[in-house]
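Position one of the sequence shown corresponds to residue 36 (this note's numbering), numbered consecutively onward. To start, the structure itself, in structure tokens.
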Amino acid sequence: MIISSALSLHRFFVRTGLMVGVFAWIFIFQYFYVRTGSLRFALAGTALTYALMHDVTLLLTPLSARSLRNGSRRPLMIGILLASIAFAALALAFSGSAGAQIGLGVLAFALCMGSYRACYWVPYEVDASRVAHPKHRHLVQELFFAFVPACVGLVLMLGYPAPVWVLFLAALCVLSSIIPLLRVPNVHEGFSWGYLTTFRELFAARHQKMVVAAIMDGVSGAALLLFWPIAIFLIVGWSYALVGIILSATFLIVLFSRRYIRRLIQSSSLHDSVVVQAALAASSWIFRLTVASPLGAVMVDSYFYTGTPIRGTGIDPFGYDQAADRGSYVDEYTALKEIGLSIGKILVCLVAAYLALRISLPLTLMSIFALAALASSISVFLTWKKDALPY
């Protein structure tokens, strides 16, 4: 029970911090816009910064995975420290304190968050039955998380220095999650590959299908976590409050409807066809091409989280950052999947940066969403198992 409570409290603080800091990449997008005076250049700069973050993750993942041989607690704590430093550095840069340069703060944020994603292996090694919550407690927590984006968006409407407060609060929430970690088991993982061996295995023919699927998931993950929030921000006229309300409304709708919709699909013959599943995975991205209002954004996101195949992330969007283990265990293949996720995110960011410098911003975003639709379909085909329910 103590282990269960400690792990639950740890994840609560981490998720709260990430939810509070959900606007960080929008702040960075605005920074590049102020510096360049061009939305296209701002998107390119943001995409390249996001790619840099995942370059760091890609390079450090084999080292981090191997360090699990000595116990998982230390890498977890290092990852949490790096995430809190990332938010604090960005907050300090935007505050202008001590002559801080915003550009250096953005760079520090990307480097530290990339390192965090490499070091932080979600502690799923504790058996799920030991961390299960009573139904009402789980619902209360999810309701809390659902309202966080709206509350943060409303706070940001107060103007400067609200963004600084929000980022410091995110840093504090994430840092607070270290305390419960002291009670979480220090699990030792038997990761046997060396650094170079990991990358050799990445290109081995026997792992090709798995790695390509992870790359495709990375493409759609970056589209979901970076480009889609920026698109919403532009659609609603640069309103933090509306972005937050859209996110909160989506989470609430999904929280109360997901189970029933999935049961309905599962009771039909739709879940038996890989073609249907691939079409469902792609359709949410195709629908995003038509969104032109806050209501449309809510409807499309609600459809995405309720009607598309499960990717191991629940309704937590940040699950797409660390979803390669499907919530089970950490081994050599998990590391390959994590690297594949990073490669996918890097590739789509490079494509976005190139397109942003060549064509208009709307066409660039539409191209990225179309690419995400294709990637989602390919991932479904590659990971499809006839006897496994995708819902």
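All residues carry an ideal CB built from backbone N, CA and C; glycine is no exception.
query = Since residue 55 and residue 201 are thought to touch, with beta carbons under 8 Å apart, how far apart are those beta carbons, to the nearest angstrom?
reply = 6 Å between Cβ atoms; contact.
key: Helix, strand or coil at residue 278 [DSSP, three-state]   = Correct three-state label for residue 278: helix.
key: Rounded straight-line distance, which links the Cα of residue 403 to that of residue 366   = So the alpha carbons of these two residues sit roughly 32 Å apart.
request  = Just confirm the distance between the C-beta atoms of residue 219 and residue 382, as a whole number of angstroms; I'd bet it's less than 8 Å.
outcome  = A Cβ-Cβ separation of about 34 Å leaves residue 219 out of contact with residue 382 under the 8 Å criterion.
query = Is the distance from the Cβ of residue 405 to the Cβ of residue 273 below 9 Å?
reply = No; because the gap between Cβ atoms is not below 9 Å, this pair is not in contact.
When 117, 187, 142, 45 are compared against residue 282, the one with the closest alpha-carbon = Comparing Cα positions, the closest option is 187.
request  = Look at the alpha carbon of residue 125 and the alpha carbon of residue 216, and state the distance between them as a whole number of angstroms.
outcome  = If I take the Cα positions, the gap works out to 25 Å.
inquiry  = Can you confirm whether the region 111-122 touches the region 148-158 when touching is taken to mean that 3 or more C-beta pairs between the two stretches lie within less than 8 Å?
reply    = Verdict: yes, contact present.
task = In angstroms with no decimal places, state the Cα-to-Cα distance between residue 199 and residue 230.
result = Rounded to whole angstroms, residue 199 to residue 230 spans 38 Å at the Cα level.
inquiry  = Taking the alpha carbon of residue 392 as the reference point, which residue from 57, 65, 80 has its own alpha carbon closest?
reply    = Nearest to residue 392 by C-alpha distance, out of 57, 65, 80, is 80.
ask   = What's the gap between the Cα of residue 68 and the Cα of residue 267?
value = Between residue 68 and residue 267, the C-alpha separation is close to 16 Å.
task = Give every residue of the same chain whose Cβ lies closer than 6 Å to the Cβ of residue 206, excluding the five residues on either side of it in the sequence, and list them in chain order.
result = Contacts found: 119, 122, 123.
inquiry  = According to DSSP, is residue 394 part of a helix, a strand, or is it coil?
reply    = Coil.
key: Simplified DSSP assignment, three categories, for residue 362   = Because the pLDDT of residue 362 is 44, which lies under 50, any placement of that residue in the model is unreliable, and the number read from its coordinates should be weighed accordingly. In the structure shown, residue 362 sits in coil (DSSP, three-state: anything other than H, G, I, E or B).
Alpha-carbon spacing of residue 167 relative to residue 209, whole angstroms = Residue placement at residue 167 is flagged as unreliable, the pLDDT there being 46, under the threshold of 50; a coordinate-derived value is accordingly withheld.
key: Three-state class that DSSP yields for residue 312 in the structure shown   = Reduced to three states, the DSSP call for residue 312 is helix.
query = Does DSSP put residue 105 in a helix, in a strand, or in coil?
reply = When DSSP states are grouped into helix, strand and coil, residue 105 belongs to the helix group.
query = Do residue 276 and residue 191 have their CB atoms nearer than 9 Å?
reply = Here residue 276 is near residue 191, since their CB atoms are less than 9 Å apart.
Under 9 Å between C-beta atoms of residue 265 and residue 64 = Their beta carbons are under 9 Å apart, which means residue 265 touches residue 64 by this criterion.
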